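There are 2 protein chains.
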Amino acid sequence: MQVYIEADRKSWSELCLRPSSDNPVVRERVEKIVARVKADGDEAIRALSREIDGVEMGELLVSEAEFAEAAAKVSQEVKDAIAAAARNIRAFHEAQMPSPVCLETAPGVRCWQKPVAIGKVGLYIPGGTAPLFSTVLMLSIPAKVAGCPELVLCTPVSRTSGKVAPEVLYAASFCGVDKVFKVGGAQAVAAMAYGTVSIPKVDKIFGPGNQYVTTAKQLLGNREVAIDMPAGPSEVMVLADETAVPAYVAADLLSQAEHGADSQVMLVCTSKDIADAVCEEVEKQTAVLGRADFVERALEKSRALVFSSVEDIVDFANAYGSEHLIISMKDYWQIADRIVSAGSIFLGNFSPESAGDYASGTNHTLPTCGWSRAFSGVNIDSFIRKITYQELTREGLQGLSKTIVEMAEAEGLQAHANAVKVRK
Amino acid sequence: MQVYIEADRKSWSELCLRPSSDNPVVRERVEKIVARVKADGDEAIRALSREIDGVEMGELLVSEAEFAEAAAKVSQEVKDAIAAAARNIRAFHEAQMPSPVCLETAPGVRCWQKPVAIGKVGLYIPGGTAPLFSTVLMLSIPAKVAGCPELVLCTPVSRTSGKVAPEVLYAASFCGVDKVFKVGGAQAVAAMAYGTVSIPKVDKIFGPGNQYVTTAKQLLGNREVAIDMPAGPSEVMVLADETAVPAYVAADLLSQAEHGADSQVMLVCTSKDIADAVCEEVEKQTAVLGRADFVERALEKSRALVFSSVEDIVDFANAYGSEHLIISMKDYWQIADRIVSAGSIFLGNFSPESAGDYASGTNHTLPTCGWSRAFSGVNIDSFIRKITYQELTREGLQGLSKTIVEMAEAEGLQAHANAVKVRK
Chain A
1 MQVYIEADRK SWSELCLRPS SDNPVVRERV EKIVARVKAD GDEAIRALSR EIDGVEMGEL
61 LVSEAEFAEA AAKVSQEVKD AIAAAARNIR AFHEAQMPSP VCLETAPGVR CWQKPVAIGK
121 VGLYIPGGTA PLFSTVLMLS IPAKVAGCPE LVLCTPVSRT SGKVAPEVLY AASFCGVDKV
181 FKVGGAQAVA AMAYGTVSIP KVDKIFGPGN QYVTTAKQLL GNREVAIDMP AGPSEVMVLA
241 DETAVPAYVA ADLLSQAEHG ADSQVMLVCT SKDIADAVCE EVEKQTAVLG RADFVERALE
301 KSRALVFSSV EDIVDFANAY GSEHLIISMK DYWQIADRIV SAGSIFLGNF SPESAGDYAS
361 GTNHTLPTCG WSRAFSGVNI DSFIRKITYQ ELTREGLQGL SKTIVEMAEA EGLQAHANAV
421 KVRK
Chain B
1 MQVYIEADRK SWSELCLRPS SDNPVVRERV EKIVARVKAD GDEAIRALSR EIDGVEMGEL
61 LVSEAEFAEA AAKVSQEVKD AIAAAARNIR AFHEAQMPSP VCLETAPGVR CWQKPVAIGK
121 VGLYIPGGTA PLFSTVLMLS IPAKVAGCPE LVLCTPVSRT SGKVAPEVLY AASFCGVDKV
181 FKVGGAQAVA AMAYGTVSIP KVDKIFGPGN QYVTTAKQLL GNREVAIDMP AGPSEVMVLA
241 DETAVPAYVA ADLLSQAEHG ADSQVMLVCT SKDIADAVCE EVEKQTAVLG RADFVERALE
301 KSRALVFSSV EDIVDFANAY GSEHLIISMK DYWQIADRIV SAGSIFLGNF SPESAGDYAS
361 GTNHTLPTCG WSRAFSGVNI DSFIRKITYQ ELTREGLQGL SKTIVEMAEA EGLQAHANAV
421 KVRK
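If you read the sequences in order, they're chains A and B. Just so we're aligned, residue 1 is where the first sequence starts under my numbering, counting upward by one. Just so we're aligned, residue 1 is where the second sequence starts under my numbering, counting upward by one.
Spelled out as C-alpha cells, the structure:
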C-alpha cells in the first residue's frame with residue numbers, strides 16, 4: 001500500500017479513483033450474448049454454456065433431487081449458521097418495512113401512499129472462485145419480508161463438477177426461493193430480462209457478479225428491466241486513530257482484499273505511526289492467508305492516507321463514498337454523523353465488516369465505486385413500489401378547482417382544466 | 001378508439017403494447033451528443049444549441065435579472081395557484097419522510113438504518129409545446145423536504161423568444177432551486193451527468209422529457225449518474241362501470257391525450273353501453289378543445305375494452321400497469337386493493353387526473369410504459385439514500401463469531417473469518 005501524507009485536496013479526485021472497469025471488449029461481448037439470448041432463449045443459453053464454460057447443460061431448472069443432494073452435503077454447522085444469520089437479517093429488514101401514509105392535504109382531499117411488493121424478482125448469485133451463498137440470504141430474505149410472490153434465482157454450475165455449490169442450493173431452499181436455474185454470466189441476466197421458455201421474465205434483477213454480469217445489468221437496466229444498482233468490485237475504507245488496534249484494522253483490510261484482484265482497500269489514519277503499524281500487520285497476516293495472490297494484487301491498488309485534521313478525514317471519506325466504511329476512532333458516532341456517502345458503516349473496534357457481511361442483520365449488497373452518492377444498499381424498499389392514491393369529494397375538488405384550472409391554462413393544457421370544469 | 005369486447009387473455013400482451021419508442025436513429029444521435037458534451041463541455045452545448053435549435057446562447061446560467069423579469073410576467077392568479085399547490089405537495093411529501101430504524105438484532109449487536117439526503121440533484125424541465133412548470137414543483141419540493149443541499153435545473157429556451165418560460169423560472173425560484181441553466185435536450189442530461197465549467201455534475205437526474213432526453217437518461221443512468229426512472233410518453237387507464245359519468249371519463253381521457261401525439265389512453269368498461277357513451281362524449285368534447293391534432297393522433301393509438309367480469313378488469317389493469325389509473329366504479333376501494341401495478345390511482349367520480357397532476361399533493365412524475373411493475377413514482381425516497389450502521393460490543397461479536405466463521409470458511413474466505421478470530 002502506498003502511503004500519502006496530508007494529500008492536497010487537488011489530488012483527491014485521483015486518490016478516489018477506482019480500478020477502471022469500463023471495458024469496451026467486455027461491452028461488445030455482452031451485447032452479443034444479450035442479443036443471442038433475446039433471439040434464441042434456452043437454445044442460446046445452452047450454446048453459450050458450451051462455448052464459454054465448456055459445460056453441456058441438460059435441464060436448466062434445478063430439480064428436487066438436486067436440492068436433496070445439496071442439503072445432504074451441507075454440514076449441520078453451516079446449516080445452523082445460515083439459520084442464525086437468517087434470523088438477524090430477517091429481523092432487521094422486517095423493522096424497515098414502511099407503513100402506509102394517509103393525509104387529508106385539504107378538506108375533502110385524501111392522499112395515500114402504500115407499499116406494494118414487486119411481483120417477480122430475479123436474483124443472481126455468482127459462482128466463480130467462492131460460492132457466495134450468504135448473498136442468497138441477503139437478497140431472498142428481504143424479498144420474502146417485502147412479500148414478493150415469485151423469486152427466481154440464476155447461478156452458474158462449477159466448471160469442474162458441473163453442479164451448483166450445495167450451500168447455494170441449500171440457502172435458496174431455506175429462504176423460500178421458488179425456482180433456481182443453472183445459468184450464469186451475462187446470459188443469466190439476459191434470460192431474466194427477456195424471459196425464455198424455461199426462465200421467467202422478471203420485473204427486477206438483483207445481485208453482484210463479474211464484469212460480464214454487471215455490464216449486462218447496466219445495459220438492460222432502465223431499458224428492459226429494473227436492476228438493484230450498478231455493482232462493481234468490492235471496497236472498504238477504514239478510518240483509524242490511536243484507539244484503533246492495528247491487528248484488527250489489518251484483518252479488516254485483508255478481508256476485503258481477498259474478494260478479488262480488483263478489490264480496493266483504503267486506510268485513512270490520523271498519524272503515520274498508525275499507518276505504519278497497520279501496514280506491518282497486513283504483511284504479517286498476509287503471510288498466513290490463503291488467496292494471497294488476490295490479496296497482493298488488490299493491495300497494489302490500495303492506498304493509505306494520513307491526515308492530521310478530522311475535517312480532512314471526514315471530507316475525504318465523503319469524497320470517496322466507500323461501499324464499507326469502518327470507523328475505528330475514539331468518537332466514532334461524531335464522525336459517523338458527518339458521513340453523507342457510504343454504503344454501510346461499521347463502528348468501533350468490535351464491528352468488523354465480516355459481521356455485516358454475514359450475520360449482524362444489515363445487508364451486504366451495497367453500492368460500490370462511489371455510487372453511494374445516489375444509491376442505497378439493498379433494503380426493504382428495493383423490493384417494493386409505493387403506489388399513491390387519491391379520493392376527492394365533490395367539495396374537495398371544488399376547493400382545488402381554481403388552483404388546477406389556473407395552472408392547467410397557464411401550461412396550455414385546456415383538457416386538463418376541462419376535466420375539473422366538467423365536474424361542477 | 002377501437003373497442004374490444006371480452007378480449008381473449010392471449011391477446012392481452014398485444015393490447016398492453018405501448019406506441020414503440022425505441023428508435024435507433026435517436027439513440028445514435030444521442031450517443032454523439034453525449035460524447036460531444038463529455039469532450040467539450042459548455043462549448044459543445046453552445047454549438048448544439050446553434051445546430052439543433054438555431055439559438056445563439058450567451059451565459060447559460062439564468063441571472064437575477066432574468067428571474068426578476070420572469071416574476072413580473074407571471075400573473076398573481078398563477079402565483080397564488082403555485083403557492084396553493086406547493087402547500088399540498090409539501091404536506092404529502094413531508095408525511096412520507098422515513099424515520100431512522102434501530103434494532104438490537106442480538107445481544108450487543110445494534111443495527112441502524114438512517115435516511116440521508118442526496119447531495120446534488122439535477123432536474124430537467126422540458127420546454128416544447130407546453131411550459132410544464134408544475135413539474136418544477138413536483139421535483140424540487142420533495143428534494144427540499146428530503147433536505148438535498150444543492151438543486152440544479154436545466155430547461156431549454158423557447159426557439160421563438162430565446163427565453164425560458166417565465167412560469168418555470170418563477171416556480172424554480174419559489175421552490176428554492178439553486179441554479180437554473182438554459183440548456184435542453186440530451187445535452188442537458190449529459191452536462192449534468194459529466195459536469196461542465198458552467199453546469200455542476202450531479203448525483204441523480206430527475207424529470208421527464210422527449211425521446212432525446214429519455215434516451216440520454218437511459219444511456220447515462222447506471223453508468224455515469226443515477227436517474228429517477230426511465231420515463232416515456234404519458235398514459236392513463238380508466239376503469240368504468242355504470243356508476244361512472246361518461247362526460248367525466250371522456251374529460252379524463254382527453255386530458256391525457258392532449259399531452260402529445262404519443263400519449264395513450266385506455267378505457268376498460270363493464271359494458272358496451274358505457275364504452276359507447278364515453279366515446280360519444282370524447283367526440284363531443286374534442287370538438288371544442290385546442291390541441292385537437294395531438295388529441296386525435298393519441299386517440300388513434302388508444303383502446304376501449306369491455307369485460308363483464310371484475311376479475312378480468314383487475315387482471316387487465318395489472319397487466320397494463322398504467323401510469324395513471326382512474327377507478328370510476330362503485331366499489332372503487334375493493335378494486336384498488338387488488339391493483340398491484342400502477343403509478344398513481346384516482347378513486348371515484350371526483351378525483352380527476354388533473355387533481356394529482358397539479359394540486360392534491362401526490363407526485364405526477366410517475367412510471368410509464370409498464371415500469372410501474374418495478375418503479376415507484378417520484379417520492380421522498382427518490383431523494384435520499386438509506387445508510388446502515390452497526391455497533392457491536394466485544395460480547396456481541398463473540399455471540400456472532402461461530403456463525404460468521406462457519407459461513408466465511410464455507411465460502412472459502414479465510415480473511416473474513418480471521419477478522420473475527422483476531423478480535424478474541
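Yeah, the Cβ is synthetic: ideal placement off N, Cα and C, and Gly gets one too. If you're wondering where the values come from, they're calculated on a predicted model, not measured in any experiment.
Have a look at the DSSP bridge pairing and note the partners of residue i.
i: alanine 117(B); result: Ile384(B)
i: valine 268(A); result: Leu239(A), Leu305(A)
i: arginine 110(B); result: Glu104(B), Glu391(B)
i: valine 37(B); result: Paired residue(s): none; valine 37(B) is not in a bridge.
i: lysine 10(B); result: Bridge partners of lysine 10(B): none, in fact.
i: lysine 204(B); result: Val121(B), Ala226(B)
i: valine 3(A); result: Ala304(A)
i: lysine 182(A); result: Thr155(A)
i: isoleucine 345(A); result: Leu325(A), Tyr389(B)
Use the C-beta contact count for residue i: other C-beta atoms within 10 angstroms, 16 or more gives buried, fewer gives exposed.
i: glycine 58(B); result: exposed
i: leucine 506(B); result: Limits of chain B in this structure are 1 at one end and 424 at the other, which puts residue 506(B) out of reach.
i: alanine 44(B); result: buried
i: lysine 217(A); result: buried
i: proline 107(B); result: exposed
i: proline 126(A); result: buried
i: glutamine 414(A); result: buried
i: leucine 169(A); result: buried
i: glutamine 334(B); result: exposed
i: alanine 72(A); result: exposed
i: proline 352(A); result: buried
i: alanine 83(A); result: exposed
i: serine 11(B); result: exposed
i: alanine 68(B); result: exposed
Quick one: what does DSSP say residue i is sitting in, helix, strand or coil?
i: glutamate 353(B); result: helix
i: lysine 73(B); result: helix
i: glutamate 258(B); result: coil
i: glycine 440(B); result: Outside the shown range of chain B, which is 1 to 424, sits residue 440(B), and nothing can be said about it.
i: serine 328(A); result: strand
i: alanine 193(B); result: helix
i: glycine 221(A); result: strand
i: valine 164(A); result: coil
i: phenylalanine 67(A); result: helix
i: glutamate 311(B); result: helix
i: glutamate 296(A); result: helix
i: glutamate 150(B); result: strand
i: leucine 61(A); result: strand
i: leucine 15(B); result: helix
i: glutamine 96(A); result: coil
Determine the closest residue to residue i out of the options, with distance taken between C-alpha atoms.
i: glycine 15(B); options: Phe383(B), Ala317(B), Met329(B), Asn349(B); result: Glycine is not the amino acid found at residue 15(B); the sequence shown has leucine there. Closest option to leucine 15(B), Cα to Cα, is Ala317(B).
i: asparagine 222(B); options: Val225(A), Met229(A), Glu224(A), Ala216(A); result: Met229(A)
i: glutamate 283(A); options: Phe174(A), Val268(A), Val249(A); result: Val249(A)
i: serine 13(B); options: Leu267(B), Cys269(B), Asp315(B); result: Asp315(B)
i: proline 100(B); options: Thr368(A), Asp337(A), Ser173(A), Cys369(A); result: Asp337(A)
i: proline 200(A); options: Leu239(A), Ala171(A), Cys154(A); result: Cys154(A)
i: leucine 239(B); options: Leu325(B), Glu296(B), Glu300(B); result: Leu325(B)
Taking 7 Å as the cut-off, is the C-beta of residue i nearer than that to any heavy atom in the ligand ADP?
i: asparagine 88(B); result: What this structure holds is no ligand at all, so the ligand ADP is not there to describe.
Pull up the CB-CB distance for residue i and residue j, whole angstroms please, since I reckon it's below 8 Å.
i: asparagine 379(A); j: glutamine 285(B); result: Contact doesn't hold; Cβ gap of about 46 Å is too wide.
i: lysine 182(A); j: valine 157(A); result: 5 Å
i: isoleucine 33(B); j: alanine 186(B); result: 4 Å
i: glycine 321(B); j: serine 302(B); result: Not confirmed; about 16 Å, so no contact.
i: alanine 355(B); j: leucine 397(A); result: 6 Å
i: alanine 261(B); j: leucine 267(B); result: Actually they do not touch by this definition, with Cβ atoms about 19 Å apart.
i: histidine 93(B); j: valine 145(B); result: 5 Å
i: valine 310(B); j: glutamate 6(B); result: That pair is no contact at about 13 Å.
i: threonine 243(A); j: serine 308(A); result: The pair is not a contact, with the Cβ atoms about 16 Å apart (cut-off 8 Å).
Mind checking if residue i is an interface residue toward chain E, Cβ cutoff 8 Å exclusive?
i: valine 422(A); result: As a matter of chain content, chain E is missing from the structure shown, whose protein chains are A and B.
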